[in-house]
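Novice: Got a structure for you, written out below as structure tokens; questions coming shortly.
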Amino acid sequence: MRLSSRLPGLEPNALSAALATLRAEGREVLDLTGSNPTCCGFSYPEAEILAALAAPAVLAYDPDARGSASARAAIASHHGHGLRADDLLLTASTSEAYGLLFKLLGDPGDEVLVPSPSYPLFEWLARLEGLVARPVQSYFHDRWHLDLGALEASVTERTRAVVVVNPNNPTGHFLSQSEWTALTGLCARRGLALLVDEVFADYALEPPADRLATALLDPTPPCPVFVLSGLSKVAILPQVKLGWIAARGPDAAASLESLAFLADQYLSVSASAQAAAPALLALALALQEQVRTRLHTNLATLDRLLAGLPHLSRLPVEGGWSALLRRPAVDSDQAFAQRLLETRGVLVHPGSFFDLPGDGHLVLSLLTPPNRFGQGLAALLEALRP
Ligand SMILES: Cc1ncc(COP(=O)(O)O)c(C=O)c1O
């Protein structure tokens, strides 16, 4: 049987293979990469969550391709900024939202531009829809910046959209107000849509004054804008499987109509997720507060342990759940991460997993339970001793 060329080879990367070996041997791993909030020791209001998911409405099948009006109204009011239920379409996850948008915007072989470094899933999400995700390198100068000249120069007649993450994963970079103006102007000029993934927008840690806190602050962008988010980060409930797309700018109503046609082919959002959305969003602020406290605690630990180690530093964490640790690039980050795992049982991600340019960056999850974070970090810094 011949399988689609869109699929990857099945070889695991060397780090995943080493991790599988360690776990098969029953060795303890100090994992500093975890991003599953349900495994990070947060205190969830279990009774309320279970009650929300068991609402009587889940007994009826009453499909609406855009998602139930009550869930959309709750999401619109949660976001504010003049968002209306009619501006939204529900999906089973943010990842699924990308799939629908790529189907909406491109034909096979078309391209989307993705400022890099960024979340590695885009390459696959685009490829599975027959599109090509073209990375365009951002640059670091005191903070991360989009290379707007390089973005414009990368536009071809096959380019359909630009995808940005605000704040970005794993660099934590928020778009600045001026980047927003330039980016939406570029997209308008070149006939492109702009996808803005804001799953981490609630997690500003060291936000710069000129940041664009959310693309929803712009009610009338000059290009079509699709803002993506979901309960997976907003309410740290990835297992509920509820995401959404907010459409703004030219042709938003027509885009939503076509997205509804696409969503209608799957109707993948469960009745329980939709019925529970208003109650779960009401719990979101308290859950986010726990996460923000965790992120600040781990960042403070990182700074404390880095003090007096001039060969190491961290980049600013404007927002999000990750910190980038800079180390002397005496060997490849991938080789270092593998050695660290095999010799000390500590798991970190090499920067290359997120297309950080060159070597010298390790990615740490600030969501890690503080004890494990402190212990793993101490072992990591020991391994990085010159
Ligand atoms: C930037 C970004 N977008 C989207 C997702 C996926 O979110 P969801 O669970 O809603 O598919 C993630 C998951 O980590 C992410 O980091």
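Sequential numbering from -3 applies to the sequence shown in the numbering used here.
Where is the CB? At the ideal position from N, CA and C, for every residue including glycine.
1) Which whole-angstrom value is the C-beta distance of T87 and V265, which I expect to be below 8 angstroms?
2) If you drop the 5 nearest sequence neighbours on each side, which residues of the same chain put their C-beta closer than 7 angstroms to that of L213?
3) If we ignore side chains and look at the alpha-carbon of each, how far apart do L258 and D82 end up?
4) Spatial neighbours of S174 within its chain, please: CB distance less than 8 angstroms, with the 5 preceding and 5 following residues excluded, ordered by chain position.
5) To which residues of the same chain is L142 closer than 6 angstroms at the C-beta, ignoring the five residues directly before and after it?
6) What residues match up with D143 in a beta bridge as DSSP calls it?
7) Going by the DSSP bridge assignment, what does R387 pair with across the sheet?
8) Hey, how far is the Cα of A61 from the Cα of P306?
9) Could you tell me whether the region 268 to 279 touches the region 36 to 52, using the rule of 3 or more Cβ pairs below 8 angstroms?
10) Got a sec: does ligand 1 put a non-hydrogen atom nearer than 6 angstroms to the Cβ of D193?
11) Does N32 pass the burial test, meaning 16 or more other C-beta atoms within 10 Å, or should it be called exposed?
12) Within 10 Å of its beta-carbon, does L188 have 16 or more other beta-carbons around it, so buried, or fewer, so exposed?
13) I want to check one thing, is the minimum distance from the CB of Y199 to the heavy atoms of ligand 1 below 6 angstroms?
14) Just how far apart, CA to CA, sit S309 and N162?
15) Just tell me which of L28, P131, S114 and F349 has its CA closest to the CA of A146.
16) Please state whether DSSP places E7 in a helix, a strand or coil.
17) With a threshold of 16 other CB atoms inside 10 Å of the CB of Q261, please say whether the residue is buried or exposed.
18) Beta carbon of G226: closer than 6 angstroms to some heavy atom of ligand 1?
19) Comparing C-alpha positions only, which one of A379, E44 and D351 sits nearest to R335?
20) Pull the bridge partners of Q133 from the DSSP assignment, please.
21) Am I right that L376 and V342 are in contact with their C-beta atoms under 8 angstroms? What's the rounded C-beta distance?
22) Count the other CB atoms, across all protein chains shown, that sit within 10 Å of the CB of R185; report buried if there are 16 or more and exposed otherwise.
23) Mind pulling the alpha helix (DSSP H) runs of 4 or more residues that sit fully within the region 257 to 297?
24) Report whether the distance from the Cβ of S91 to the nearest heavy atom of ligand 1 is below 6 angstroms.
25) Under the criterion of a Cβ to heavy atom distance below 6 angstroms, does V161 qualify as lining ligand 1?
Specialist: With the structure as the only source:
1) 7 angstroms
2) H77
3) 17 angstroms
4) D206
5) P111, S134 and E175
6) Bridge partners of D143: none, in fact.
7) Residue 387 is absent from the structure shown; the chain starts at -3 and stops at 382.
8) 55 angstroms
9) yes
10) yes
11) exposed
12) buried
13) no
14) 23 angstroms
15) P131
16) coil
17) exposed
18) yes
19) A379
20) S112
21) 5 angstroms
22) exposed
23) none
24) yes
25) yes
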